[in-house]
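Novice: Here it is: the structure, laid out below.
Residue numbers (UniProt numbering): 1 to 166.
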C-alpha cells in the first residue's frame, strides 16, 4: 500500500543518494588535482568512500522515514475500517447471531408513561439493563431508559428501583 507521500519521500532518497555520490566524486577529483601524487589519490579515495557511506546513510534514513509514513497511512486506514465495523456492531440487532443494522426510522413517539389502570400489563424486572432491552410482551427492542414499552404500553417495574417499604 504505497501512498503518494511515501513514494515522494523514497524518490527523494534515491535522488539524494545519486547527488551525494556525484558530489563526493567531484570533491575527490578536486582533491586529486590539488594534492598531486599519492596524497591526491588517497584524498580521492577517502572523499569517494566517505561520500558513498554518507549517501547510503541518507538513503537509509529517508527510506525508513518513507516506510514510517506508509505504515501510519496503513494504520489510519485500518483504524477507519475498525471504527466502521464497531459502528455496525453497535447498530446490530439483538444477539441472535444475525447482524442487521437498525432502520433509520425512529420508534413511534412514546406515550405518556402514566398508569392506565388495570388494562395496562406490568412486568417485573430485577435490574435496569444497560443499552437495550426487549419487551417481554411484544418482543420489540428498545432503549433501557424507558419505564414502559413504546409499542404495547407494557409497564416495566424494576425491583432495584422500588422504595424499600414497598
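Even for Gly, the Cβ is constructed at its ideal location relative to N, Cα and C.
Can you list, in chain order, the residues of its chain whose CB lies under 6 Å from that of residue 24, leaving out five sequence neighbours each side?
Specialist: 47, 48 and 51
Novice: Distance check for residue 16 and residue 6, CA to CA, integer angstroms please.
Specialist: 15 Å
Novice: So, with DSSP's three-state summary, where would you put residue 77?
Specialist: When DSSP states are grouped into helix, strand and coil, residue 77 belongs to the helix group.
Novice: Since residue 150 and residue 142 should fall inside the 8 Å C-beta cutoff, what is the C-beta to C-beta distance between them, to a whole number of angstroms?
Specialist: 6 Å
Novice: Tell me, please, which residues DSSP counts as bridged to residue 155.
Specialist: 122 and 148
Novice: Leaving out five residues on either side along the sequence, give the residues of the same chain with a beta carbon under 6 Å from the beta carbon of residue 140.
Specialist: 151
Novice: Which one or two residues does DSSP pair with residue 136 in a beta bridge?
Specialist: In DSSP, residue 136 forms no bridge with anything.
Novice: Given this structure, state the Cα-to-Cα distance separating residue 104 from residue 57, to the nearest angstrom.
Specialist: The pLDDT assigned to residue 104 is 47, lower than 50, so where the model puts this residue is not dependable; a value taken from the coordinates is nonetheless given after this. Answer to the nearest angstrom: the Cα atoms are 57 Å apart.
Novice: Roughly how many angstroms separate the alpha carbons of residue 159 and residue 127, rounded to a whole number?
Specialist: 6 Å
Novice: Hey, residue 155 and residue 122 are a contact pair by Cβ (cut 8 Å); roughly how many whole angstroms apart?
Specialist: 4 Å
Novice: Count the other C-beta atoms from every protein chain shown that fall within 10 angstroms of the C-beta of residue 26, then say buried if there are 16 or more, exposed otherwise.
Specialist: Exposed is the call here.
Novice: I need the DSSP call for residue 162, collapsed to helix, strand or coil.
Specialist: The answer is coil: DSSP assigns residue 162 none of H, G, I, E or B.
Novice: Expressed to the nearest angstrom, what Euclidean distance is found between the alpha-carbon atoms of residue 4 and residue 157?
Specialist: Looking at the two C-alpha atoms, the distance is approximately 60 Å.
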